[in-house]
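Using this note's numbering, the first residue of the sequence shown is number 3, and each one after it goes up by one.
The beta-carbon is built from N, C-alpha and C at its ideal position, and this holds for glycine as well.
All of these numbers come straight from a predicted model, not from anything done at the bench.
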Amino acid sequence: MLRLYVFLNLMLAVGCSNKETVTTVATTSAVEQPVVWHSLESTDGSTPIARHEAAFVAVGDKFYLLGGRGIKPVSIYDTKTNSWTQGAESPIEIHHFQPVVYQEEIYLLGAMTGPWPGEIPVPNLYIYNPASDEWRLGPEIPAERRRGGAGAVLHEGKIYLVCGIKDGHRGDHKTWLDSYDLEADRWTILADAPRARDHFQAVVIDDRLYAAAGRRTGSVPDDPFGGTEALVDVYDLATNSWTSLADTLPTPRAGNAAIGLEQRLLILGGESPAHEHAHHEVEALDVSSGHWQQLPPLSRGRHGTGVVHYQNQLLMASGCGNRGGNPELADLIQCAVVASAAQE
Numbered sequence: 003m004l005r006l007y008v009f010l011n012l013m014l015a016v017g018c019s020n021k022e023t024v025t026t027v028a029t030t031s032a033v034e035q036p037v038v039w040h041s042l043e044s045t046d047g048s049t050p051i052a053r054h055e056a057a058f059v060a061v062g063d064k065f066y067l068l069g070g071r072g073i074k075p076v077s078i079y080d081t082k083t084n085s086w087t088q089g090a091e092s093p094i095e096i097h098h099f100q101p102v103v104y105q106e107e108i109y110l111l112g113a114m115t116g117p118w119p120g121e122i123p124v125p126n127l128y129i130y131n132p133a134s135d136e137w138r139l140g141p142e143i144p145a146e147r148r149r150g151g152a153g154a155v156l157h158e159g160k161i162y163l164v165c166g167i168k169d170g171h172r173g174d175h176k177t178w179l180d181s182y183d184l185e186a187d188r189w190t191i192l193a194d195a196p197r198a199r200d201h202f203q204a205v206v207i208d209d210r211l212y213a214a215a216g217r218r219t220g221s222v223p224d225d226p227f228g229g230t231e232a233l234v235d236v237y238d239l240a241t242n243s244w245t246s247l248a249d250t251l252p253t254p255r256a257g258n259a260a261i262g263l264e265q266r267l268l269i270l271g272g273e274s275p276a277h278e279h280a281h282h283e284v285e286a287l288d289v290s291s292g293h294w295q296q297l298p299p300l301s302r303g304r305h306g307t308g309v310v311h312y313q314n315q316l317l318m319a320s321g322c323g324n325r326g327g328n329p330e331l332a333d334l335i336q337c338a339v340v341a342s343a344a345q346e
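See below:
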């Protein structure tokens, strides 16, 4: 059975302050899982620029909050000084994307630009270099495969771009899967996913790509947040084939963040027709068993941002506190992760 070191987890949660680093507990065949979420205040009172439909990603010892509605500077969090600074503005408005980090640079693709509801797909990759604080125009995406709100992951030198939506928030959802070989500068069309989805983030665990959460935006009349997807689709990178899991996402939602921790896929936050405020649920899929588990919720619900795993911590910045576009948040929350016992 699955044994959890509950007492140890609670002790770690109580002992964790905003500026402390929690040491991961060493256990045999351990699985990391979150304990408790709380706000992380900077030492100088600095904050990120509020935004949503943006990206939050780590490069080295710094975190980068970039993109989102409107043209905004990059917000940069330095883990050594516990403070925020601002970087260069993006060259265009770019939103609804999942970032990929390759060779210490941040790649943005599968994105949208322009105002709601008729946003258009961004035709190129955009690349941000943290070392020089500079943006540059990247390769062109084949015209017939452009879409926004797609999932993007990096695996063995290739970016995999999955699903998405062609016509802003009005429709034309895609089941597409493409790979982009960064060294060869070559796009390849792969097997279509079993179902379309947008407003989600993909994750790779053990040579398998997981497409979970999201929605088919515009598919439900008079409900821009409807059409959420509970089924989880899994792509085997070795065989170019898809399967779907029997256990569905307990809380269907879109605009969520996603991350892999050991053998678990975590779905964090999001928005849905269920209620006006953004979701605070954190749910984990054990990819070995195919079963879901509820984990400690976010201290404040949010959608339209990402999650970073750094030195035993999960961190989320900004996003939107309600479904839709308001209020945009200007904060950073964190959660210690500790090891729980694996199955015996």
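query: Secondary structure of residue 146, DSSP reduced to three states; result: helix
query: Terminal residues of the beta strand (DSSP E) in which residue 190 lies; result: 188-191
query: Own chain residues within Cβ distance below 6 Å of residue 295, not counting five before or after; result: 286
query: Buried versus exposed call for residue 337 [16 or more other C-beta atoms within 10 Å across all chains shown]; result: buried
query: Cβ neighbour criterion (16 or more within 10 Å) applied to residue 54; result: buried
query: Enclosing beta strand (DSSP E) for residue 210 [first to last residue]; result: 210-213
query: Beta strand (DSSP E) segment containing residue 61, residue limits; result: 56-61
query: Distance between beta carbons of residue 41 and residue 320, contact taken as under 8 Å; result: Not quite, the Cβ-Cβ distance comes to about 13 Å (not below 8 Å), so this is no contact.
query: The stretch 165-181 touching the stretch 61-73, judged by at least three CB pairs closer than 8 Å; result: no
query: Beta-carbon proximity list for residue 187, same chain, < 8 Å, skipping 5 on both sides; result: 141
query: Within 8 Å, strictly: CB atoms of residue 310 and residue 207; result: no
query: Residue nearest to residue 105 in terms of C-alpha spacing, selected from 266, 85, 133 and 265; result: 133
query: Those residues which DSSP pairs with residue 167 across a bridge; result: 150 and 175
query: Bounding residues of the beta strand (DSSP E) (the contiguous stretch that carries residue 267); result: 266-270
query: Pair within 8 Å by beta-carbon distance, residue 103 and residue 59; result: yes
query: Limits of the unbroken beta strand (DSSP E) element including residue 244; result: 243-246
query: Cα-Cα separation between residue 272 and residue 228, rounded to whole angstroms; result: 13 Å
query: Simplified DSSP state of residue 93, which is helix, strand or coil; result: coil
query: Beta strand (DSSP E) segment containing residue 108, residue limits; result: 107-110
query: Reduced DSSP category for residue 81 - H, G, I as helix; E, B as strand; rest coil; result: coil
query: Close-in-space but distant-in-sequence residues of the same chain around residue 236 (CB under 6 Å, 5 per side omitted); result: 210, 212 and 245
query: C-beta atoms of residue 78 and residue 62 nearer than 8 Å; result: no
query: Bridge partners - residue 239, DSSP secondary structure assignment; result: Beta-bridge pairing links residue 239 to no other residue.
query: Contacting residues, own chain, Cβ-Cβ under 8 Å from residue 48 (five flanking each side not counted); result: 85, 86 and 87
query: Residues near residue 299 in its chain [Cβ-Cβ closer than 8 Å; skip 5 each side]; result: 39, 282, 283 and 284
query: Three-state class that DSSP yields for residue 334 in the structure shown; result: strand
query: Buried versus exposed, by CB contacts within 10 Å (16 or more), residue 139; result: exposed
query: Whole-angstrom distance between residue 64 and residue 330, CA atom to CA atom; result: 22 Å
query: Nearest to residue 122 (by Cα), restricted to the options 136, 107, 137 and 98; result: 98
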